[in-house]
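Mapping the sequence shown onto our numbering, position 80 (from 1) lands on 82, and the numbers just tick up by one.
Taking it in order: structure first as structure tokens, then the write-up.
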Amino acid sequence: MSSIAFIRNQCCCWEAAFSFAPCIKCFIIQPSALHTLALITNEQHYVEQQLIKKSAAVLKSLPYILQEKCGLTNVVFPYQKHFYDKKYSLAGLEVDHFIHLKARIRLGKAMYQTLFHPAVFKEALAFAEHTSHTGSRSDYWPHFFTAADEKVKRSSPTLLEA
Numbered sequence: 003m004s005s006i007a008f009i010r011n012q013c014c015c016w017e018a019a020f021s022f023a024p025c026i027k028c029f030i031i032q033p034s035a036l037h038t039l040a041l042i043t044n045e046q047h048y049v050e051q052q053l054i055k056k057s058a059a060v061l062k063s064l065p066y067i068l069q070e071k072c073g074l075t076n077v078v079f080p081y082q083k084h085f086y087d088k089k090y091s092l093a094g095l096e097v098d099h100f101i102h103l104k105a106r107i108r109l110g111k112a113m114y115q116t117l118f119h120p121a122v123f124k125e126a127l128a129f130a131e132h133t134s135h136t137g138s139r140s141d142y143w144p145h146f147f148t149a150a151d152e153k154v155k156r157s158s159p160t161l162l163e164a
């Protein structure tokens with residue numbers, strides 16, 4: 003099935019069935035997997051032009067290479083498995099091969115699937131709505147980390163303090 007036929011079959015309005023371009027109402031009212039994939043792909047092509055090609059020296063630096071080879075770059079979505087549990091679980095992915103466009107697009111699709119998984123989305127959204135993000139691990143694991151430099155817990159300063 004062509005992408006135009008797919009969009010027509012998913013369309014919410016009659017006039018788009020008779021044109022080559024679907025109406026914008028279809029994307030606003032009925033978000034689709036095709037639309038999401040297009041946004042992810044477009045974003046990564048933009049990142050390629052604006053960041054990757056202009057920052058090639060950073061991506062070839064020893065600290066960056068070591069960080070990637072050691073698997074130290076991750077995207078996580080904190081969420082509570084049970085409403086009575088004060089501890090958060092993490093759903094996420096390791097970021098690797100960031101320099102490659104196709105790998106970033108695959109990562110974007112996997113992040114979308116992870117975030118919108120039925121077991122994760124509702125609670126991850128609740129976390130985001132009720133937690134000020136500081137860039138510290140103490141945001142989602144306060145029982146292990148603290149933003150302050152204390153002896154009892156591991157220190158994880160906020161991004162502004164780092």
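Glycine included, every Cβ here is placed at the ideal spot set by N, Cα and C.
Three-way DSSP call (helix, strand, coil) for residue i in this model
i: Gln51; result: helix
i: Gly110; result: helix
i: Asn11; result: With a pLDDT of only 46 at Asn11, under 50, the local geometry of the prediction cannot be trusted, and no value is derived from it.
i: Thr160; result: coil
i: Thr43; result: helix
i: Thr148; result: strand
i: His37; result: helix
i: Lys104; result: helix
i: Ser140; result: helix
i: Met3; result: The pLDDT assigned to Met3 is 39, lower than 50, so where the model puts this residue is not dependable; a value taken from the coordinates is nonetheless given after this. In the structure shown, Met3 sits in coil (DSSP, three-state: anything other than H, G, I, E or B).
i: Phe85; result: coil
i: Glu17; result: For Glu17, the predicted model reports a pLDDT of 49, less than 50, meaning its position is unreliable and no value from the coordinates is stated.
Residue interval of the alpha helix (DSSP H) (run including residue i)
i: Glu125; result: 123-132
i: Pro65; result: 64-71
Which listed residue (the options) has its alpha carbon closest to that of residue i
i: Met113; options: Ile67, Gly94, Pro144; result: Gly94
i: Tyr90; options: Glu96, Tyr81, Val97; result: Tyr81
i: His47; options: Tyr142, His132, Ile107, Leu117; result: Ile107
i: Lys71; options: Val77, Val60, Val97; result: Val97
i: His102; options: Asp87, Gln51, Leu68; result: Gln51
i: Ser138; options: Phe147, His132, Ala130, Glu131; result: Phe147
i: Ala105; options: Ile42, Ala35, Ser34; result: Ile42
i: Phe100; options: Trp143, Phe129, Ala128, Leu74; result: Leu74
Terminal residues of the beta strand (DSSP E) in which residue i lies
i: Val77; result: 76-81
Beta bridge counterpart(s) of residue i as assigned by DSSP
i: Ala93; result: Phe79
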